[in-house]
Every structure is written in C-alpha cells, then in structure tokens.
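Residue numbers (our numbering): 2 to 132.
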C-alpha cells in the first residue's frame, strides 16, 4: 500500500516549481501503478502551451477558474472547479488561468518525474527518459 501526504511531497524531488505552475507528484512510474498522479497549481494570469504527444492526460479542476484552448481547432472551454477534461487525442493546448487553478492530473503512461517540456510544450517519449 502506498500512502503519501501533500506535506511529505513538498520540497522534495517530486515537487516541481515552475514559473507558471507548480506540480506535486503523488505517484510516478517508480511506484509501479501504471499511471502517475499529480496535484498541480496553475498560477493566476498565466498562459502555458502543453502537448503530450506520448501521454494521455485527464485533469480534474478542484479549485479556480480558467480556460483550455484546443490549438488544432481553436475551440475554447471554460474550466472551473468540478470540471474534468481528458486529452485522449494528444491535443496540443493552451491553458489560461484567470485565478490560481488547482488540478488533479493523471498521466498514462506514467511520468518518471524527470520530464521537462520541450519548445513545443511536449514531454519526450517515455523510453527516452532515464527512470
């Protein structure tokens, strides 16, 4: 059984603090669950472009307000607490936070925790990352 608290993750290698967002990774590839689970804060007033070419991601917003834009077709969706979106087609997207947004994110295949977004907002293929 795996039991972790947010406090046990803060200020560890599983706590990533970027300019536009902060991600606390509860489950990663090393945990052997077949998916990764992240508690992420998207900072108010920011816009980020992401494109998970090799991962599927489901996101559940538990706090805040913003919007997601599908770059391929320009369609925009409002995101508020209680909204879920799933990137089942590996959609490149822009995420804009009106307020701080707290998101619970699930990735398949699981993230190792060492990924960094490239110039397109993408993570590398999982086998390219040292686990």
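By construction, the Cβ of each residue, glycine as well, lies at the ideal position given by its N, Cα and C atoms.
#1: DSSP three-state label for residue 120, please.
#2: Can you give me the C-alpha to C-alpha distance between residue 53 and residue 82, rounded to a whole angstrom?
#3: Per DSSP, which one or two residues make a beta bridge with residue 67?
#4: By Cβ distance below 7 Å, which residues in the same chain neighbour residue 12 in space, the five residues on each side in sequence not counted?
#5: Buried or exposed: which applies to residue 76, given that a residue is buried once 16 or more other Cβ atoms fall within 10 Å of its Cβ?
#6: Determine the direct distance from the alpha carbon of residue 20 to that of residue 67, and round the result to whole angstroms.
#7: Specify the secondary structure class of residue 28 as computed by DSSP and reduced to three states.
#8: Please state if the CB of residue 111 and the CB of residue 49 are separated by a distance shorter than 7 Å.
#9: Since residue 59 and residue 87 are thought to touch, with beta carbons under 8 Å apart, how far apart are those beta carbons, to the nearest angstrom?
#10: With distance defined between alpha-carbon atoms, name the residue in 35, 43, 32 nearest to residue 69.
#11: Nearest CA to the CA of residue 25: which residue from 5, 92, 64?
#12: Pick from 56, 102, 95, 113: whose alpha carbon is nearest that of residue 45?
#13: Would you mind working out which of 96, 41, 71 sits nearest residue 107, comparing C-alpha positions?
Checking against the coordinates, here is how it stands:
#1: coil
#2: 23 Å
#3: 80, 98
#4: none
#5: exposed
#6: 17 Å
#7: strand
#8: no
#9: 4 Å
#10: 43
#11: 5
#12: 102
#13: 41
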